[in-house]
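To start, the structure itself, in structure tokens.
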């Protein structure tokens, strides 16, 4: 499935943030995700982004209009069209001069909200018990239940073994 570029990239960044290791350098993660414009992440911004990641994580368990509206309300959004870094015109939801944590919060909240409005079933968490991984379902049929083939295989092998007589 093809998502609009803004919602898709922003929702994928939310996935990367939620799935990041607790000690992950968030500045490096944002740079590797091609998040622009990227400014230095100071200690306050790092702490705020880590708090925000916990809020994003909750969305993947049970996305709802109320939950996403609450996230959107916590951002410093001021929508405008930008053409920075030689990119085609695209929407931004916070001031270019705002601190990086505020811009990331607005970007990921609006990305998940956009995805939710396009197809709420595309925001998911791995169905394997004990796996905390979240994902955006870009499959053609929209029926993805697992974060990876590895998790899917583990669940299906366990189910097969339970059905098989000893």
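In the UniProt record's numbering, the protein residues as written are 1 to 166.
Glycine residues also receive a C-beta, built at the ideal position from the N, C-alpha and C atoms.
| Asked | Found |
| --- | --- |
| Sorted by chain position, which residues of the same chain lie with C-beta nearer than 7 angstroms to residue 12's C-beta, five sequence neighbours on each side aside? | 136 |
| Nearest CA to the CA of residue 61: which residue from 165, 138, 120, 153? | 120 |
| Cα-Cα, which of 56, 98, 17, 116 is closest to residue 79? | 98 |
| How should residue 96 be labelled, buried or exposed, when 16 other C-beta atoms within 10 angstroms of its C-beta is the threshold for buried? | exposed |
| If distances are taken between C-alpha atoms only, which option among 117, 145, 111, 44 comes closest to residue 101? | 44 |
| For residue 22 and residue 47, I'd like the C-alpha separation in whole angstroms. | 11 angstroms |
| Quick one: what's residue 90 bridged to in DSSP? | 82 |
| Quick one: what does DSSP say residue 13 is sitting in, helix, strand or coil? | helix |
| Among the candidates 56, 32, 125, 83, whose CA atom is the shortest distance from the CA of residue 152? | 125 |
| Can you tell which of 154, 165, 110, 130 has the C-alpha that lies nearest to the C-alpha of residue 69? | 110 |
| Keeping to the same chain, check which residues put their C-beta closer than 6 angstroms to that of residue 27; ignore five residues upstream and five downstream. | 41 |
| Can you have a look at residue 8 and say buried or exposed, based on whether 16 or more other CB atoms are within 10 angstroms of its CB? | buried |
| So residue 122 and residue 142 are in contact, right, with Cβ under 8 angstroms, and what is the actual spacing, rounded? | 6 angstroms |
| Count the other CB atoms within 10 Å of the CB of residue 1; is the residue buried (16 or more) or exposed (fewer)? | Interpretation of residue 1 is limited by its pLDDT of 46, a score under 50 that renders its predicted location unreliable; no figure is taken from the coordinates. |
| So the beta strand (DSSP E) residue 135 belongs to, where does it begin and stop? | 134 to 136 |
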